[in-house]
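Note sheet for the following structure.
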Amino acid sequence: MRPGFKRNGTATWICIVLCGLGFVMGCNQDTGDSKSDSTPSTSGQGNGALDTPDTAASPGNEPENPTLWLCGNGVVDQGELCDPGAPQKPCPVNVLACNDFNPCTNDILLGTGCQARCSHTPNNSSGLDGCCPAGAPADPDCPPPECTDCGPTCGNGVVNSDELCDVGIVDGLGACPNTCVTIDPCTTATLVGNGCQVECVLSVITTPIHSDNCCPSGANANEDSDCTPVCENGVLEAGELCDGDCPDTCDDGDACTTDILNNPKTCLAACSFVPIVTVGLADGCCPQTATTAVNSLNDPDCPAVCGNGVLEDQETCDFGPGSPKPCPTTCATNDPCVSVTLQNAGTCTAACVVTQNWTSSGSKADGCCPPGATTKSDVDCAAVCGNGVVDSGETCDTQIVSGPGACPTQKGCADLDPCTEESVMFVSPANLCTAQCSFTTLENCCGNGKVEAGAGELCDIAIGSGQSGACPEECPDATACSTATLTGQGTCAAQCKTTAEKTGLVNEWYYTQLFYELQVQAAHHADFETHGDGKTGVVAAEPVAVDEYLNTFGFTVEYVGGDPSGHIAWWGTEETGFALRVNCNNYAGCFPPGQHGIRITFVKAPVVTLAMKFPANTNATLFDIQGDIIAQKSAGGKGDSFLAYVSDTPIGAVQITDPGGESMKDLWFSTCDD
0 MRPGFKRNGT
10 ATWICIVLCG
20 LGFVMGCNQD
30 TGDSKSDSTP
40 STSGQGNGAL
50 DTPDTAASPG
60 NEPENPTLWL
70 CGNGVVDQGE
80 LCDPGAPQKP
90 CPVNVLACND
100 FNPCTNDILL
110 GTGCQARCSH
120 TPNNSSGLDG
130 CCPAGAPADP
140 DCPPPECTDC
150 GPTCGNGVVN
160 SDELCDVGIV
170 DGLGACPNTC
180 VTIDPCTTAT
190 LVGNGCQVEC
200 VLSVITTPIH
210 SDNCCPSGAN
220 ANEDSDCTPV
230 CENGVLEAGE
240 LCDGDCPDTC
250 DDGDACTTDI
260 LNNPKTCLAA
270 CSFVPIVTVG
280 LADGCCPQTA
290 TTAVNSLNDP
300 DCPAVCGNGV
310 LEDQETCDFG
320 PGSPKPCPTT
330 CATNDPCVSV
340 TLQNAGTCTA
350 ACVVTQNWTS
360 SGSKADGCCP
370 PGATTKSDVD
380 CAAVCGNGVV
390 DSGETCDTQI
400 VSGPGACPTQ
410 KGCADLDPCT
420 EESVMFVSPA
430 NLCTAQCSFT
440 TLENCCGNGK
450 VEAGAGELCD
460 IAIGSGQSGA
470 CPEECPDATA
480 CSTATLTGQG
490 TCAAQCKTTA
500 EKTGLVNEWY
510 YTQLFYELQV
520 QAAHHADFET
530 HGDGKTGVVA
540 AEPVAVDEYL
550 NTFGFTVEYV
560 GGDPSGHIAW
570 WGTEETGFAL
580 RVNCNNYAGC
590 FPPGQHGIRI
600 TFVKAPVVTL
610 AMKFPANTNA
620 TLFDIQGDII
630 AQKSAGGKGD
640 SFLAYVSDTP
650 IGAVQITDPG
660 GESMKDLWFS
670 TCDD
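Have a look at this one:
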């Protein structure tokens, strides 16, 4: 165990000093006996100081956690007195380094490595060594340094010319100093010399040393804590932000910060970059704030961002939360006339693109009626009133002004048929394009194909020529007995009026009596002349049969006997207004010579049956009072013949009807020979 070190119980601190390197390699606590005292430890790092008997080994002063000190790292660490690499406090390596240039001191080097230090003890030896110790006697006969180091005048209380002071002066001016004091912390005052050659030598401190109150010239606050940081000395010192390279302008290249130069032209100059949070300044910055959602709509410097929920420039949609127009992900349509596809899926220009399928499919049903198509070009189209096309189910279209397909008007429905009433009707009352003309046939109208006697018609112009009831278009050629004239042509009163030579007006002879010559069928005789003797007026026994026959036609008659001229007469009651007179034997007794016939007078009866017998060579024509032919007989044949208008009665007699509904009066009878 080295002298001065202490064992604490069984533990021993062992320090191995590598002489010449200035390192203490290890200092471990011995864990057992002395056999392990020489084993170095590498478990810790020292503090660069070598413990001495004065410090490390004193009782109760052992280090609790010894470490491996690293001497020579250029730093005077805790526990070190110096360090070979420390410029402020290097370690003395030999005794010459301890020379204080005072001959009255002995220069001694103590310790090694980072514990090396200089010691200066008083030189009290006699002899010629340049030191005159205090109190040494002077030799007046032999001035120093030939004889002794003490001159003959030193100590006489006077500072001689060769003295710096005089030890004989106790205090005050000229007294030799025994200590040196300086007010300049950057100079050291060293007591040099002896006897009356003692002086305080001032040395300027050039080596920076922390906490010695001196900042040597050229030192800085980094080297010496006693130095005040000096701006623009090119050294970045404590309290400075820069030195020599301080900024004079600030620009971080970020448009979203405000560049500020703080403390310009000082060593505290620094750039600060304050984030811009104001929105909408058009300053080249799109700021990011915690309170405002920034986008291109509220700040012109912000780009459009797809997915931020805002519909921005160049975007057609946005799929972000809260978007006013979310982007489509699928496309569908209920319109059979279009097809829809999704374009730019997953972007903010995603859109359903509609393609028109506007080709008419004709009779093929595809559910689509393209624009411009109609029911005629596409089976899927519905009829549209007013589209200028007569669609299926329409009779016309209101858009067609004239010509085929134009909807009829009341005036346009006129068919020039007097027997129809024209009107416009609608197949579908709610659809104006179903208008069509309607024609209602009028009753009692000339031209309706019916002879309406109640309306005063003699014929009907709608009945074809040659058919019953047809209106005459021309009259028979004139004969020797008559001339026919067509009147009322083109109307339902058209007739042929025959003008004939009138041979007599029958009513000149027989008043208002109605005369018939009847051909009685079945059990009755051929004519009435057998009913009386023709002379006396005595009537045969069969007149009752004649009464019955006449009564079958609705006439109430009774036999009244003959007349003085030998004719037989039947007279009706006053209500029926019926009278009959018949020639019994020959025609000469009834008519003028050459004329044969009967006279008929209607009082009330509307219908009579007429038959007249004439000789075979006689032309007979029956006229009414206006001269119109009622019946006509042409000459020819064998024996007598009858002039008759054939009806559908069983007896084949003639039925004459007054077209005007009035009683027939004054029938003309004329006969003429061809």
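If you use numbering that gives the first Met the number 0, the sequence shown corresponds to residues 0 to 673, in order.
No residue lacks a Cβ here, since even glycine has one placed at the ideal position from N, Cα and C.
- The C-beta of T419 has 16 or more other C-beta atoms within 10 Å across all chains shown, which makes the residue buried.
- In the three-state reduction of the DSSP assignment, Q196 falls in the helix class, which pools H, G and I.
- A direct Cα-to-Cα measurement between V74 and L190 gives close to 30 Å.
- Exposed is the label assigned to I259, since fewer than 16 other Cβ atoms lie within 10 Å of its Cβ.
- Per DSSP, the beta-bridge partners of K496 are T484.
- Between the alpha carbons of L310 and G345 lies a gap of roughly 15 Å.
- DSSP places T433 within a helical segment (H, G or I) once states are collapsed to three.
- Within the segment 153 to 200, the complete beta strand (DSSP E) segments of 3 residues or longer fall at 186 to 191, listed in chain order.
- Counting along the chain, the unbroken beta strand (DSSP E) around C351 starts and ends at 350 to 355.
- Residue state for C412 is assigned as helix, using DSSP reduced to three classes.
- A direct Cα-Cα distance of roughly 43 Å separates L80 from V157.
- Taking each of A269, D242, E236, T277 in turn and checking the Cα distance to A254, the smallest one comes out for T277.
- T178 has its alpha-carbon roughly 13 Å from the corresponding atom of N101.
- One Cα belongs to T104, the other to D161, and the distance between them is close to 22 Å.
- Secondary structure at Q342: strand, using DSSP grouped into helix, strand and coil.
- C266 is positioned such that its CB atom lies no closer than 8 Å to that of C249.
- Taking 8 Å as the upper bound for CB-CB distance, G392 and A405 are not in contact here, some 17 Å apart.
- The continuous beta strand (DSSP E) containing A269 extends over residues 269 to 274.
- Below 8 Å, too few C-beta pairs join the segment 401 to 416 and the segment 373 to 381 to call them touching: fewer than three.
- In this structure, C384 keeps its C-beta atom at 8 Å or more from the C-beta atom of N356.
- The beta carbons of E236 and N219 sit closer together than 8 Å.
- Under the Cβ criterion (8 Å, minimum of three pairs), the segment 194 to 213 does not count as touching the segment 109 to 121.
- Beta-bridge partners assigned by DSSP to F425: A434.
- Check the Cα spacing between D282 and each of Q466, G489, N297: the tightest is with N297.
- In the same chain as T439, and ignoring 5 residues on each side of it, the C-beta atoms closer than 6 Å to its own belong to E420, in chain order.
- Rounded to the nearest whole angstrom, the C-alpha separation of A364 and V388 is 20 Å.
- Residue state for C117 is assigned as strand, using DSSP reduced to three classes.
- Under DSSP, D459 forms a beta bridge with A469.
- Around the beta-carbon of I204, 16 or more other beta-carbon atoms lie within 10 Å, marking it buried.
- Within the model, the alpha-carbon separation for L457 versus D390 is close to 48 Å.
- Taking 8 Å as the cut-off, the Cβ atoms of C195 and D223 do not count as close.
- Between V339 and C326, the gap from beta carbon to beta carbon reaches 8 Å or more.
- In the structure shown, A254 adopts coil according to DSSP, grouped into three states.
- A Cβ-Cβ contact shorter than 8 Å links C470 with A493.
- Here the C-alpha atom of A483 lies approximately 24 Å from the C-alpha atom of E451.
- DSSP places A96 in the helix class (H, G or I) of the three-state scheme.
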